[in-house]
Structures are given as C-alpha cells and as structure tokens.
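Here is the structure we will look at.
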Amino acid sequence: MADNNANTMEFEAHRATYEGFVNIGKISAIALLNVLLCLIMFTFGGTAGTIFGWIMVFALLIAAAVGIALGARGWIPGAAVFVMTVVLSILTSAG
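If you want the numbering used here, it's the position in the sequence shown, counting the first as 1, plus 363.
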C-alpha cells in the first residue's frame, strides 16, 4: 500500500525556483534587446559601430553573469549596459 505520510509539497523550494526563473527571464529579455542593438550597430555603424558593438557584447556577457549572481535585482547591470548600448548605437548609426 501507499504511504499516507508522504511529505507535503515544499512550498519554499517551489517559490525559490519560481523566483529564479522570473529573474533569469528578466535578465534574458534585457540581453536579447542588447544583442539586437549590437546587431544594428554591426550593420549600420561602420567601423566604430563594429568596435563598440563587440565591446557592448562583452559588457553584456559580464553584466548577465553579475546579474545572475545578484538575484532579484539582477536586471540592473543588464539595464545599465542596455542604456550605454542605446547611446552608442544612436551615436554610431546616426552618422
């Protein structure tokens, strides 16, 4: 027969997994937008756009790693890199 004393659902573990999933989703969404901006810089920015695009790709990788380590506020480093990428993409692609 089945045991009637099985452990109940571990709600705290479930909550931690859910919060981690949501945090990774935020970091990934910002990273995706960053990659799209870098591709725009590669295409329309000329030599300066290519150089700054690669710099921003590496900055994005570092920001994503830091963001994963930060937890709930992990989207902030990626957002900072995103703002820098927006400014650089406007400066390199508009000219």
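We treat Cβ as the ideally placed atom computed from N, Cα and C, and that holds for glycine.
Compute the beta-carbon to beta-carbon distance between residue i and residue j, rounded to the nearest angstrom, for a pair I have assumed lies under 8 Å.
i      : j      : result
Val444 : Ala422 : 5 Å
Thr448 : Leu395 : Not really, about 12 Å apart at Cβ, beyond 8 Å.
Exposed or buried, what is residue i when buried is set at 16 or more other beta-carbons lying within 10 Å of its beta-carbon?
i      : result
Ile425 : exposed
Leu451 : buried
Phe415 : buried
Thr455 : buried
In this structure, does DSSP put residue i in helix, strand or coil?
i      : result
Ala428 : helix
Ala442 : helix
Glu375 : helix
Ala394 : helix
Gly408 : coil
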